[in-house]
Ligand SMILES: Nc1ncnc2c1ncn2[C@@H]1O[C@H](COP(=O)(O)OP(=O)(O)OP(=O)(O)O)[C@@H](O)[C@H]1O
Ligand SMILES: [Mg+2]
């Protein structure tokens, strides 16, 4: 068991190194020169070629790519992600201000997606084949195929503009978080509700479900007591994947609701060709992806007795 | 217990079960009747697909999801008719009154739950005993079914136990509500031969102690001969022949029964004697034709066999009631008797 976990952790670290090296080289290859950007900011649009060269030399931009990556990565491990080309502030400081905002957004969205998917999936399975089941399926299909910005716009029009119940901008009071969190949860919640529904359906045709019926359980009891524990592993695995994807959703949602989180930071970095911030944010995304999946993997190891027991010792 | 021995504990009359899946409909059970009495073992025998499972588990509402089921007829237990009950009341009736044992114990127990708690929660639900008492009863049940070291097995997951042990645990689960009737759907097919014999012995032992009625579904004539009292031979959803095991196995009358017995390997037979199978395949039950369903495979069939559906008729028997659904053979016997 502990061997298995150790192997996953080593794999995760390897994944972070490989993925960040990849993004580093892609960004390095992108058109636009960091040194030129800095020179432009210092001396205006007429910055001389010498100044650009000098800055490039100072930043080590003329060194070979692997060397630059090594330097950047070891700085990053020590907590130095460089300064934003756009604001001039250290990226560490930007992150410490922005991560809490994105954390609330993803945390709230994750909770909503969890409750929504289990609720819809179970209700669909209970009302197997009846109108409610079809309506919930239709809802999930719409939820999984409507883009975030559209959902956000719709919510703002209905709840802020027409009804005036909720503020159109997030980041303040509790209620101001409702629309951003709902928006970001709709897609994963819809996808996950289908995962719940389809897996429950499959498990209800297994012999042990029939045993449940034979024990005298009603259909909903079989669903809850016999089938539900058996979808834990596929559910959590998909939940992990969907949860990490929410960070991509945060780019749109934070922009629409004027939240100063990581997603908004990333889109600003792209807009201003702030390569340093882009690299730092992508590293953060990668670490987030890898750690969420590592966490889910380990939780699944503990949940499934077949894996837990067989790998004993 | 005030159960009359001469009254069946479970009685099925004229049962018709239609299954509708996707766009095909199948008459899986076509007018079957059988009954089982306290303390006896009724074997239900027939080829794969002949309707054994649907006929016995259908009335209890235990058919797999995904097919819609239409049932007609009577399935009586005491003064209750199971046919036409709502899902809820059927669920209530099932719990405890009917123990069910399935073919493959590893898939019939919940893989995410330990054996003991699966059992104890059922005891708790059905007997209303306290949690501690339920655990004790569950341990007793494990002991009762001959599981060695029950305290250790109590905390095991299904995948950590052998098939034979799991089938014992499954039987323990079926006994949790002290049922009067135990339905075992090929309980030994998935087990190896020595374990098979032990499980059958266990079922007999439980039957002796509790005077329980057992409905045993099997393809194995050897099993029937060893443990059953009466037998129902099912062919394509209809009863071909029924009677006591001694009578039917010694004096089979229906051509299908004869074929079935001839296809049983006889250990005493000389090696040169070839095993005889029944030529042809069972009919497609989604196409209902008049007449006897076995006629296409029957070497004795006469023209009327394809036109008139045979009914079960009682014939002379040295042991109990013997019913056969074959007018041709019955006429033969009568002919011989008169000659
Ligand atoms: N889930 C299902 N969907 C469609 N048809 C089914 C289903 N289950 C059973 N049937 C049909 O019902 C008929 C009887 O099936 P049943 O399972 O009772 O046979 P059986 O005698 O128990 O066979 P076996 O020995 O293989 O268990 C078969 O002809 C089969 O085609
Ligand atoms: Mg069967």
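Protein chains in written order, with our numbering: chain A, 14 to 326; chain B, 3 to 341.
Note that the Cβ used here is the ideal one computed from N, Cα and C, for glycine as well.
Keep in mind it's a predicted model, so treat the numbers as computed, not measured.
If you ignore the 5 residues before and after residue 263 of chain B, its C-beta comes within less than 6 Å of the C-beta of 254, all in its own chain and listed in chain order. Around ligand 2, the residues whose beta-carbon falls short of 7 Å from at least one of its heavy atoms are B/54, B/55, B/187, B/188, B/219, given in chain order.
With a cutoff of 7 Å on beta-carbon distance, residue 53 of chain B and residue 236 of chain B are scored as near each other.
Across the structure, residue 244 of chain B and residue 39 of chain B are spaced so that their CA atoms are roughly 15 Å apart. Counted as a single uninterrupted DSSP element, the beta strand (DSSP E) harbouring residue 12 of chain B occupies residues 12-23. Of all C-beta pairs linking the region 219-230 of chain A to the region 283-291 of chain A, fewer than three are shorter than 8 Å, placing the two stretches out of contact. A contact between stretches requires three or more CB pairs, one per stretch, nearer than 8 Å, and the region 209-218 of chain A fails this requirement with the region 86-95 of chain B. According to DSSP, residue 218 of chain B shares a beta bridge with B/45, B/186. Counting every other CB atom within 10 Å of its CB across the protein chains shown gives residue 331 of chain B a total of 16 or more, marking it as buried.
Per the DSSP secondary-structure output, residue 324 of chain B pairs in a beta bridge with B/317. Pairwise C-beta distances place the region 181-195 of chain B in contact with the region 218-233 of chain B, as three or more of them are shorter than 8 Å. Within the same chain, and ignoring the five residues on either side of residue 73 of chain A in sequence, the residues whose Cβ sits closer than 7 Å to its Cβ are 81, 84. In the DSSP assignment, residue 83 of chain B is bridged to B/78. Residue environment for residue 283 of chain B: exposed (fewer than 16 other C-beta atoms within 10 angstroms of its C-beta). For the options B/198, B/184, B/102, the alpha carbon positioned closest to that of residue 224 of chain B is the one of B/198.
For residue 37 of chain A, the closest Cβ of chain B is not nearer than 7 Å. Under the Cβ criterion (8 Å, minimum of three pairs), the region 151-162 of chain A counts as touching the region 188-204 of chain A. The beta-carbon separation of residue 116 of chain B and residue 157 of chain B, rounded to 5 Å, stays under the 8 Å limit for a contact.
The C-alpha of residue 83 of chain B lies about 13 Å from the C-alpha of residue 10 of chain B.
About 15 Å separates the beta carbons of residue 48 of chain A and residue 78 of chain A, which is beyond the 8 Å limit, so they are not a contact pair.
If you draw a straight line from the Cα of residue 230 of chain B to the Cα of residue 135 of chain A, it is about 44 Å long. The C-beta distance from residue 17 of chain B to residue 77 of chain B rounds to 6 Å, short enough to meet the 8 Å contact threshold. Placement of the Cβ of residue 21 of chain B at a distance of less than 6 Å from at least one heavy atom of ligand 1 is found. Taking the Cα of residue 260 of chain B as reference, the smallest distance to any Cα among B/119, B/170, B/212, B/302 is reached at B/302. The C-beta of residue 102 of chain A has fewer than 16 other C-beta atoms within 10 Å across all chains shown, which makes the residue exposed.
Rounded to the nearest whole angstrom, the C-alpha separation of residue 112 of chain A and residue 299 of chain A is 14 Å. Residue 287 of chain A has its alpha-carbon roughly 60 Å from the corresponding atom of residue 66 of chain B. The C-alpha of residue 215 of chain A lies about 21 Å from the C-alpha of residue 152 of chain A.
Rounded to whole angstroms, residue 43 of chain A and residue 165 of chain A show a C-alpha spacing of 32 Å.
Taking the beta carbon of residue 218 of chain A as reference, the chain B residues within 9 Å of it are 66, 67, 68, listed in sequence order.
Each residue's CA atom was taken as its position, placing residue 326 of chain B and residue 241 of chain B some 8 Å apart.
When C-beta distances to chain B are compared with 7 Å, the residues of the region 209-237 of chain A below that value are 217, 218, 219, 220, 221, 223, 224, 226, 227, 228, 229, 230, 231, 232, in chain order. For the set A/65, A/31, A/265, the Cα lying nearest the Cα of residue 193 of chain A is the one of A/265.
The bridge partners DSSP lists for residue 243 of chain B are B/235, B/326. What residue 319 of chain A touches in chain B, judged by beta-carbon distance under 8 Å, is 113, 159, 161, going in chain order. According to the DSSP secondary-structure assignment, residue 36 of chain B is paired through a beta bridge with B/14.
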